[in-house]
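Written out below as structure tokens is the structure these notes cover.
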Amino acid sequence: MEVYRSLKTLQEDLYNKKITATALTQQSISNILAQKELNAFVTVFEESALASAKKIDEKLQSNQPLGRLFGLTIAIKDNIVYKNHIATGASKILSGFISPYSATVVEKLLAEDAIIIGSTNCDEFAMGGSNENSYYGAVKNPVDTKRVSGGSSGGSAVAVAANLCLAALGSDTGGSIRQPASFCGIVGLKPTYGRVSRYGLMAYGSSFDQIGTFTHTIEDAALILEVIAGADAYDATCSPRAIPSYSNNISSNKKYKISYYKNAIEHAGVDKEVSAATLQCIERLKSEGHQVDAIAFDELDYIVPAYYVLTTAEASSNLSRYDGVKFGYHAKEATDLESTYKLTRSQGFGKEVQRRIMSGAFVLSAGYYDAYYSKAQKVRRIVAEKTYNTLEEYDFILCPTAPTPAYKIGEVQDSIASFLGDIFTVQANIAGIPGISLPLYTTSNGLPIGIQLMAGRWQEEKLLAFANALM
Ligand code: GLN
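Heads up: the sequence shown begins at -2 in the working numbering, then just goes up one per residue.
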């Protein structure tokens, strides 16, 4: 069977009866099984995926109207819930948990005839940048299986990059869509905070979390965003503003004003080939008639610390619900309430999650609140305002998505070193703006290098159109 990399081609073939949705789904499932060593999936939803496919084939047979995503094989990150399906956030504490309800994004995908093929591996509760913090083990990068997929949505990135399905959803709190997309050589889109409902997404840092897409093309990212965006009575932070027709407006030959941070590209931690690729992109844009200016970003060194203070604080509160009482893992040797909490949480959470809950509780504790949490809030405000001001003057901010290409599994041992990998991605979450990673370059040994574009809040339309022109 042909390997599809665009929904339009696939839908044409479905219409022309060259393939059936059932065959497509079977192919996707057998590819997932054949590539099991990549460790991209946690659960394959064989029964419900084949049922969705059958419904599509019947509609095609009888010329009934089809949803906009008909035939799209799509995976969802294991922290997005789907009614009557297992969702664990790649944590032992939720092993075997079957969700009693579906996330809004899941309902929206199904209403448009997408085929949800399975749930993908990720860092436990989306905490990490390499997918090595998963209860199910690391996800392997299909470009070089000795290397990490990136994270935390590593399984989603690999599912698409290795053509196990056509698209995937992930969540991005500080880069978890854009960074694995960059490591695996595909497109990763994090929308504006509040563009897509978070109802049914396991909360990590609620004021940062946003669901977004992994695809091969901008066109598919635009169409899926159009479907999953929009107001939701179950998520008060989700905006009621109208959803532009992203997918109909993805060609642009406009000349834009783009800014980039010189100190970021020249930063000591940035790989030479990544800097060179970014500079090459800047030269290309200039030669195509865009205005590209270097600007200063003096707060660069503060954004990662502020991000970790704030997100761990939010996580320490969000993760208090996993207590061994209401649902999920329960430590059997517990004898009373206190030992239930202690044993369940010590045994059920992995090291990184425990570390973050403890740091979060610490920065929120009475004696340290002002020194850490309040201060980080102030940094957030300053960085956000500066970002909005820059994006009043410029259409886009351009930078590498990650300071390095994918590294070897096991190579980065220390959390602090891995936190620095988020230096270019957290700004978009701190300010709540959209960002996209584009697979534009590779290193001399063939590893993907993603270039990131950020735009002002609610400017996905312009962002996608410009991204498409660059691809
Ligand atoms: N690497 C970042 C972290 O560990 C980002 C994670 C994310 O976006 N979910 O928090």
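A virtual CB, placed ideally from N, CA and C, is assigned to each residue, including glycine.
Given the structure is predicted, the values throughout are model-derived calculations rather than measurements.
Rounded to a whole number of angstroms, what is the C-alpha to C-alpha distance between residue i and residue j?
i, j, result
"Y366", "V360", "5 Å"
"I26", "K15", "19 Å"
"Y438", "T387", "26 Å"
"N160", "C119", "18 Å"
"S179", "S336", "43 Å"
"S415", "S203", "22 Å"
"G443", "Y305", "32 Å"
"L7", "Y1", "6 Å"
"G266", "P397", "12 Å"
"Q24", "M(-2)", "8 Å"
"A135", "Y370", "32 Å"
"A48", "N76", "23 Å"
"Y201", "V140", "29 Å"
"S150", "A363", "34 Å"
"K5", "L30", "26 Å"
"N128", "E55", "39 Å"
"D290", "S356", "38 Å"
"A50", "L282", "43 Å"
"S131", "S441", "30 Å"
"A310", "A233", "21 Å"
At what residues does the alpha helix (DSSP H) containing residue i begin and finish?
i, result
"I114", "Not the alpha helix (DSSP H): I114 falls in the beta strand (DSSP E), residues 112 to 117."
"C162", "Element bounds for C162: n/a, residue is neither H nor E."
"S343", "334 to 345"
"V306", "297 to 315"
"G418", "Premise fails: G418 is in no alpha helix (DSSP H) and is neither H nor E."
"M451", "Per DSSP, M451 belongs to no alpha helix (DSSP H); it is in the beta strand (DSSP E), 445 to 451."
"A261", "259 to 262"
"V423", "423 to 428"
"I354", "348 to 361"
"A219", "215 to 225"
"I279", "269 to 284"
"T85", "Neither: T85 is in no alpha helix (DSSP H) and is coded neither H nor E."
"F180", "175 to 181"
"T401", "That residue, T401, is in no alpha helix (DSSP H); it is neither H nor E in DSSP."
Can residue i and residue j be called in contact, C-beta distance under 8 Å?
i, j, result
"P188", "Q207", "yes"
"Y133", "N28", "no"
"S45", "I113", "yes"
"K137", "E34", "yes"
"G115", "F211", "no"
"I215", "L461", "yes"
"Q344", "A328", "yes"
"G209", "G185", "yes"
"L417", "M468", "no"
"G429", "R454", "yes"
"S173", "G182", "no"
"A111", "I73", "no"
"A312", "R342", "no"
"F122", "G86", "yes"
"A18", "G64", "no"
"S3", "D169", "no"
"L307", "A261", "no"
"D411", "V301", "no"
"Y299", "V423", "no"
"Y326", "I90", "yes"
"F463", "S249", "yes"
"A399", "A303", "no"
"A331", "G321", "yes"
"A108", "V78", "no"
"A156", "T117", "yes"
State the start and end residues of the unbroken beta strand (DSSP E) segment that holds residue i.
i, result
"Q8", "Careful: Q8 lies outside any beta strand (DSSP E), inside the alpha helix (DSSP H) at 4 to 12."
"G209", "207 to 212"
"R144", "141 to 145"
"L437", "432 to 439"
"A291", "288 to 292"
"P397", "393 to 397"
"L186", "184 to 187"
"K74", "70 to 74"
Can you find a C-beta in chain C that's less than 8 Å from the C-beta of residue i?
i, result
"R352", "The structure shown contains no chain C; it holds only a single protein chain."
Indicate, with yes or no, if the ligand MG has a heavy atom lying under 7 Å from the CB of residue i.
i, result
"Y258", "The ligand content of the structure shown is limited to the ligand GLN, which means the ligand MG is not among them."
- prompt: Would the segment 189 to 198 and the segment 228 to 240 be scored as touching if the rule is three or more Cβ pairs under 8 Å?
  reply: yes
The segment 140 to 149 touching the segment 398 to 405, judged by at least three CB pairs closer than 8 Å: yes
message: Does the contact criterion of 3 or more C-beta pairs under 8 Å hold for the segment 97 to 108 versus the segment 196 to 203?
response: yes
- request: Check whether the segment 243 to 257 touches the segment 378 to 386, taking contact to mean three or more Cβ pairs, one atom from each stretch, closer than 8 Å.
  value: no
query: Taking contact to mean at least 3 C-beta pairs separated by less than 8 Å, is the segment 431 to 451 in contact with the segment 251 to 271?
result: yes
- prompt: Do the segment 314 to 323 and the segment 266 to 278 make contact, defined as three or more Cβ pairs closer than 8 Å?
  reply: no
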